[in-house]
Every structure is written in C-alpha cells, then in structure tokens.
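K.L.:
Chain order of the listed sequences is F and L. The first sequence begins at 1 in the working numbering and counts up by one. The second sequence begins at 1001 in the working numbering and counts up by one. Using N, Cα and C, we set each Cβ at its ideal position, and we do this for glycine too.
There are 2 protein chains.
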Amino acid sequence: MANTNGPTRERIKEEAYLLLQEKGLAGLSMRALADRLHIKAPSLYKHVGDKEEIIADLQARGISEFAAIIQQAGKSKKSKALAYRKWAKENPHLYEVTLRTPLLRSRIPSGLEEGVTHMIIEITGKDHEHARAVWALMHGLVDLEIAGRFPENADLDKTWKRAIELIG
Amino acid sequence: MANTNGPTRERIKEEAYLLLQEKGLAGLSMRALADRLHIKAPSLYKHVGDKEEIIADLQARGISEFAAIIQQAGKSKKSKALAYRKWAKENPHLYEVTLRTPLLRSRIPSGLEEGVTHMIIEITGKDHEHARAVWALMHGLVDLEIAGRFPENADLDKTWKRAIELIG
DNA sequence: TTAATTCTGCTAACACTGTTAGCCTTGAGG
DNA sequence: CCTCAAGGCTAACAGTGTTAGCAGAATTAA
C-alpha cells in the first residue's frame, strides 16, 4: 500500500470532529472514523492512544468554541445567554460530548476549564457561587431542551426570557 | 430444568432496579441482569420486549420516586430544592437513567410526566415558564455536580443557597 | 389418560463496540 | 545497499443487544 498521505494525528481528530457533527456521539465509532480516512480501525492506534484521547480533544475543542462564542456575543447578560443557547442548539453533538459527557480533565490542556470559569465570573460580575448558579441555569435549560424534555407546546423563548430575568 | 419459580416480568424489572443501583447504567447489561435471575440473557426476551422496555420502566420509577420525594419534603421552596438535591445525590444512577437519558415517552405511563410538571408549577406558585426555569436551575446544578463538573474546592452548599435565593 | 399446545428455558449465532498481537510493505537515512 | 522505523493490514478477543431454532416442562383439550 502506498504510504503517501497517511493520516496524521491532527487529520484524524479533524475527521472525528466532522463525523461527530454529522452522526453524533453514538455514530462516532473507531471503525466509522477509520472508514473516512480510508484505513482500517486498528491502524488508528498507530496515531492515537485510544478513543478517550479523541473524546478529550473534542471536549477541548468544545470548550474553546464555547468560550469564543460567549466572548463574541454582545456585552449584556441577555445576549450572552442567548448566544449560549444558540450555540448549543446549533451544535448539539459537540455540546453533548463537551458538557454531557464526563470531562476527561487529565487529558485536556490545563487552564482551559479555569479560563471559562473565570470568564463566567467576569460576565456575571459577582462571585463564584453566583456564577455557578447562572451557569447551572443555562446548562439546565439547554440540557432539558436538547433532551426533548420540555413538552412540545412549551414556549421556550418565554422560558429563557424568564430565566434571564432571574439572573438579571 | 425445573421451570418452577421462573422470573416474572415484575421480578426482572425489580432486579434491574437493584442492579442499576449497585452497578450503574453502564453495568446494567442484559447478561448481567440474566445472571442475577439465574437464567441466560436470551431467556429475558421471553418476558420482556427489549432493553428499552426495562429502561422505560426505570424511568417511570425514577419519576415516581422523584415526585414522592418532593411532595414529602417541607413546604418551602428551599426544602423542596434541597430534597431534590439530596435525592439526586443519593440515587445518582437512577437520576442518570431518569433525567440524563432520553425519555422514552411512548413507553411510559401517560400522565406521569405531566403530573410532575403540574406539581412543580404548584410549588413555584407561578406559571409554566417560571416553573421550567426553576426546574432547569435545579437540574443544571445536580447535573453538573454529579458529572463532577464543578472544581474540587467549590462550596456547593453556598452555590445552592445562592440558587435558591434566585428563585425565591 | 392422552394428545396438543403454550411457556420458558437453552445454545449458537450475528452484527456491532473498543482494542491488541503480529505480520508485511514502504520509504528514509547511514 | 542495508537497516529500521512508520504505518498499513488481518485475525482475534471480550464485550454489547438481539434473533433463530430447539427441547422439555406445564397446562389445557379431547
């Protein structure tokens, strides 16, 4: 077999990202990933330790994207909150792997998580406890919405409006 | 083989509940469940349609338990909130299958979910939107706590206190 | 009582999952 | 030119949910 153009670690992780976005976390199998790279699954292990490494990379990517989205949003808490919701709804699979999957702390660049925490505190303008409560509220809303936990006829725009009032 | 004492559907689901509580959702496999009942995995399908039916039953059970816990708690929003947290922390596996797993609506007794929604609205004493925001806040806090998403040194008692103030 | 049928266990198997062992070809460096 | 590592490959293992088909026991019918 021609060895030209073998997939580098970066290439693999990029393709994992695309596969995640297309097929979701359940569709992200080592064999499906290998198929995209036109190699067989065991060959992936020549470039990557295990699947956790790929998941951890996606989590890091999710955290970074998330941070960027929030920072780019308007300055008000309201627009930050709505940006959070919008990003989550547009990237449900990335949201799932990043925020609904146990965080692989030891395999994620240190400082990433702390950076986000710090950012939230800055936005809320108050202390750690308040920031955590705000984050929990946003996360809870998104999580229940993505999971289809609210009834069909629920007016979630209104619900978010109310939630934002709570943290005003 | 003696056919006396074959596991009924109820017996299977009870054992599934115990297995879940002991080993968690990941440990709840058809083979492990069958082992407990001293039969082989394929035999389970003589009593149960598929694994989803078992999961749906556990979700129904989780919802019922949850409703009971909240109702038994003190009347104040604070004690209801703390009861929510306590129950979730004491039954993390049941919480996972009930609230962190896609709800199998079509396989759950109708009215169960609506009953809980109604209950929350009664407690908050306001409208649907407010009730949903409150629920999202509680769920978000529990979800992030169970997932180990808050840093080690976080004072979650304080965080909950703050959260309760938000919905006061 | 005997015959027929249903119930409920079993084994073997299939398609999937992540992962390891071991082999072999290709390309690069001394 | 030879060596050696890089990076493919197949075969395999243990695990998952699930189905097909068989066999014996229990229940029902004649």
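I need the DSSP call for H1130 (chain L), collapsed to helix, strand or coil.
P.N.:
Numbered from 1 along the second sequence, position 130 holds the residue referred to as residue 1130 (chain L). Helix, per DSSP.
K.L.:
Rounding to the nearest angstrom, what Cα-Cα distance links M119 (chain F) and V1048 (chain L) in this structure?
P.N.:
Indexing the first sequence from 1 puts residue 119 (chain F) at position 119. Indexing the second sequence from 1 puts residue 1048 (chain L) at position 48. One C-alpha to the other measures close to 50 Å.
K.L.:
Taking Cβ positions only, does W1135 (chain L) come closer than 9 Å to chain F?
P.N.:
The sequence position of residue 1135 (chain L) within the second sequence is 135, counting from 1. Chain F contact via Cβ: present.
K.L.:
With DSSP collapsed to three states, give me the class of L150 (chain F).
P.N.:
One-based indexing of the first sequence puts residue 150 (chain F) at position 150. Note on residue identity: the sequence assigns Phe, not Leu, to residue 150 (chain F). F150 (chain F): coil per DSSP, three-state reduction.
K.L.:
What's the C-alpha gap between N1153 (chain L) and I54 (chain F)?
P.N.:
Taking the second sequence and counting its residues from 1, the one referred to as residue 1153 (chain L) is at position 153. Taking the first sequence and counting its residues from 1, the one referred to as residue 54 (chain F) is at position 54. Those two C-alpha atoms are separated by around 28 Å.
K.L.:
Between E129 (chain F) and chain L, is the shortest Cβ-Cβ distance under 9 Å, so that the two count as touching?
P.N.:
Reading the first sequence from its first residue, position 129 is the one you call residue 129 (chain F). Chain L contact via Cβ: present.
K.L.:
Who are the neighbours of G140 (chain F) on chain L, taking C-beta pairs under 8 Å?
P.N.:
Locating residue 140 (chain F) in the first sequence gives position 140, where the first residue counts as 1. Within chain L, the residues near G140 (chain F) are W1135, A1136, L1137, M1138, H1139, G1140, L1141, D1143.
K.L.:
Does chain L have any CB closer than 9 Å to the CB of K66 (chain F)?
P.N.:
Stepping through the first sequence from its first residue, residue 66 (chain F) is reached at position 66. Inspection of the sequence shows that residue 66 (chain F) is occupied by Phe rather than by Lys. Not an interface residue.
K.L.:
Three-state secondary structure (DSSP) at I1063 (chain L)?
P.N.:
In the second sequence, counting from the first residue as 1, residue 1063 (chain L) sits at position 63. If DSSP states are grouped into helix, strand and coil, I1063 (chain L) belongs with the helices.
K.L.:
Using a Cβ-Cβ cut-off of less than 9 Å, give me the residues of the region 1144-1156 of chain L that come near chain F, in sequence order.
P.N.:
Answer in chain order: L1144, E1145, A1147, G1148, R1149, F1150, P1151, A1154, D1155, L1156.
K.L.:
Using a Cβ-Cβ cut-off of 9 Å, state whether R1132 (chain L) counts as contacting chain F.
P.N.:
Here residue 1132 (chain L) refers to the residue found at position 132 of the second sequence. Yes, R1132 (chain L) counts as interfacial toward chain F.
K.L.:
Hey, how far is the Cα of K40 (chain F) from the Cα of A34 (chain F)?
P.N.:
Walking along the first sequence from the start, residue 40 (chain F) turns up at place 40. Walking along the first sequence from the start, residue 34 (chain F) turns up at place 34. Between K40 (chain F) and A34 (chain F), the C-alpha separation is close to 5 Å.
K.L.:
Tell me which same chain residues have a C-beta within less than 7 Å of the C-beta of P92 (chain F), skipping the five on either side of it?
P.N.:
Along the first sequence, read from residue 1 onward, the residue named residue 92 (chain F) stands at position 92. Excluding sequence neighbours, P92 (chain F) sits near I146.
K.L.:
Give the single residue among F:A163, F:P151, F:G111, F:L44 whose Cα lies nearest to the Cα of K13 (chain F).
P.N.:
Stepping through the first sequence from its first residue, residue 13 (chain F) is reached at position 13. Nearest C-alpha to K13 (chain F): F:L44.
K.L.:
Mapping DSSP to helix, strand and coil, what is D1155 (chain L)?
P.N.:
As a working mapping, residue 1155 (chain L) is identified with position 155 in the second sequence. DSSP places D1155 (chain L) in coil when its eight states are reduced to three.
K.L.:
Measuring alpha carbon to alpha carbon, tell me which residue in L:D1057, L:R1162, L:L1112, L:L1166 is nearest A1067 (chain L).
P.N.:
Walking along the second sequence from the start, residue 1067 (chain L) turns up at place 67. That would be L:L1112, whose Cα lies nearest to the Cα of A1067 (chain L).
K.L.:
Using a Cβ-Cβ cutoff of 7 Å, what residues of the region 57-91 of chain F are near chain L? List them in chain order.
P.N.:
Listed by position, the residues of the region 57-91 of chain F near chain L (Cβ gap below 7 Å) amount to none.
K.L.:
Just the C-alpha distance for D1127 (chain L) and Y17 (chain F), rounded to the nearest angstrom, thanks.
P.N.:
Sequence index remark: in the second sequence, residue 1127 (chain L) carries index 127 (1-based). Sequence index remark: in the first sequence, residue 17 (chain F) carries index 17 (1-based). Taking the straight line from one Cα to the other gives about 40 Å.
K.L.:
Can you check whether the C-beta of R1162 (chain L) is within less than 9 Å of a C-beta belonging to chain F?
P.N.:
For the purposes of this step, residue 1162 (chain L) is taken as residue 162 along the second sequence, with counting starting at 1. Yes, contact with chain F.
K.L.:
Between the alpha carbons of K80 (chain F) and M138 (chain F), how many angstroms are there, rounded?
P.N.:
Translated into the one-based positions of the first sequence, residue 80 (chain F) becomes position 80. Translated into the one-based positions of the first sequence, residue 138 (chain F) becomes position 138. Roughly 10 Å between the two C-alpha positions.
K.L.:
Quick check on A60 (chain F): buried or exposed, where buried means 16 or more other Cβ atoms within 10 Å of its Cβ?
P.N.:
Counting from 1 along the first sequence, the entry for residue 60 (chain F) is found at position 60. The residue in question, A60 (chain F), is buried, as its Cβ has 16 or more Cβ neighbours within 10 Å.
K.L.:
Could you list which residues in chain L have their beta carbon closer than 7 Å to that of K158 (chain F), in chain order?
P.N.:
Mapped onto the first sequence, residue 158 (chain F) falls at position 158. Near K158 (chain F) (Cβ distances below 7 Å), the residues of chain L are E1129.
K.L.:
Suppose only complete runs of 4+ residues qualify. What are the alpha helix (DSSP H) ranges in the region 1025-1097 of chain L, listed by chain order?
P.N.:
1030-1036, 1041-1044, 1051-1072, 1077-1090, all fully within the region 1025-1097 of chain L.
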